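Asks: Numbering (the working numbering), first residue to last: 12 to 228.
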């Protein structure tokens with residue numbers, strides 16, 4: 012994407028993100044109250060994630076799981092009925108609009124995954140960090156968490172190589188339809204996506220561990 016295209020994308024993110032944030036305030040208030048009553052504080056889930064060029068930022072979402080009482084508690088046991096509903100409708104993602112307005116994320120782009128995944132990427136897969144991560148992306152409308160990691164990363168790179176305003180618009184429209192159908196949220200029988208530990212069939216050696224750069228570095 013050209014520099015002018017990137018500026019246009021950023022302007023689109025700010026305008027649309029601001030509008031959705033304001034319009035969704037009543038819904039977010041209701042969700043926050045429901046979480047507080049069912050799970051207590053905190054209402055928000057915050058976690059450090061690698062963003063564009065490996066710069067770390069604090070991802071903000073609505074909390075969907077109980078705090079673990081022991082290390083052996085599974086995600087399936089921690090996920091509450093309310094949390095399952097929030098995930099299936101993507102309402103848990105609404106606070107991430109703040110990340111968009113702060114310039115840490117975009118409305119559309121590869122999803123910001125865990126820091127611990129960085130050393131497992133192939134050199135090609137690392138290119139997903141050459142753009143701002145998104146609330147939704149090409150991988151999400153192609154199966155979300157129900158497709159294998161290899162296919163998900165291939166879609167991320169397809170987006171990186173072909174991103175445009177029209178592609179973003181199509182992805183946003185498809186995301187709305189996808190969420191309404193509530194399909195592909197997780198793998199069968201799992202509360203969350205399977206953890207990524209690397210792709211055994213990828214050619215070449217693994218890249219050296221990519222450092223996560225804190226904003227003040």
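Don't be surprised by glycine CBs; every beta carbon is placed ideally from N, CA and C. Please read all numbers here as calculations on a predicted model, not as lab measurements.
Taking the alpha carbon of residue 119 as the reference point, which residue from 20, 15, 16 and 109 has its own alpha carbon closest?
Replies: Among 20, 15, 16 and 109, the Cα nearest to that of residue 119 is on 20.
Asks: How far does the alpha helix (DSSP H) with residue 183 in it extend, from its first residue to its last?
Replies: It spans 176–192 - the alpha helix (DSSP H) in which residue 183 sits, taken as one unbroken run.
Asks: Is the CB-CB distance between residue 116 and residue 143 below 8 Å?
Replies: Contact: yes.
Asks: From residue 36 to residue 140, what distance separates their C-alpha atoms?
Replies: Cα-Cα distance, rounded: 30 Å.
Asks: Pull up the distance between the alpha-carbon of residue 176 and that of residue 149, whole angstroms please.
Replies: Rounded to the nearest angstrom, the two C-alpha atoms are 13 Å apart.
Asks: In whole angstroms, give me the CA-to-CA distance for residue 123 and residue 62.
Replies: Their backbone Cα atoms lie some 6 Å apart in a straight line.
Asks: Over what stretch of residues does the beta strand (DSSP E) that includes residue 146 continue unbroken?
Replies: Unbroken beta strand (DSSP E) run through residue 146: 145–147.
Asks: Hey, how far is the Cα of residue 42 from the Cα of residue 159?
Replies: Computed Cα separation, rounded: 31 Å.
Asks: So, with DSSP's three-state summary, where would you put residue 60?
Replies: In this structure, residue 60 counts as strand in the three-state DSSP scheme.
Asks: Below 8 Å on the Cβ atoms is my guess for residue 259 versus residue 59; work out the distance and round it to an integer in Å.
Replies: The question about residue 259 has no answer here: the residues shown for the chain are numbered 12 through 228.
Asks: Taking the beta strand (DSSP E) that residue 35 falls in, what are its first and last residues?
Replies: Counting along the chain, residue 35 falls outside any beta strand (DSSP E), and DSSP gives it neither H nor E.
Asks: Suppose you measure from the CA of residue 130 to the CA of residue 17; what does that come to, to the nearest Å?
Replies: Going by the C-alpha atoms only, they are around 28 Å apart.
Asks: Leaving aside the five residues before and after residue 163 along the sequence, list all residues of the same chain whose C-beta is less than 6 Å from its C-beta, in chain order.
Replies: Only 150 meet the Cβ criterion.
Asks: Compare the C-alpha of residue 114 against each of 147, 89, 101 and 22 and name the closest.
Replies: The residue with the shortest Cα to Cα distance from residue 114 is 22.
Asks: Measuring straight from C-alpha to C-alpha, what distance separates residue 210 and residue 91?
Replies: If I take the Cα positions, the gap works out to 31 Å.
Asks: Hey, quick one: how far does the beta strand (DSSP E) through residue 67 stretch, first residue to last?
Replies: First-last of the beta strand (DSSP E) with residue 67: 67–73.
Asks: Suppose you measure from the CA of residue 198 to the CA of residue 206; what does that come to, to the nearest Å?
Replies: For residue 198, the predicted structure reports a pLDDT of 43, less than 50, and the residue's modelled location is therefore unreliable. A value from the coordinates is still provided. Rounded to whole angstroms, residue 198 to residue 206 spans 11 Å at the Cα level.
Asks: Could you spell out the range, first to last residue, of the alpha helix (DSSP H) harbouring residue 171?
Replies: Looking at the DSSP string, the run of the alpha helix (DSSP H) that includes residue 171 is 160–173.
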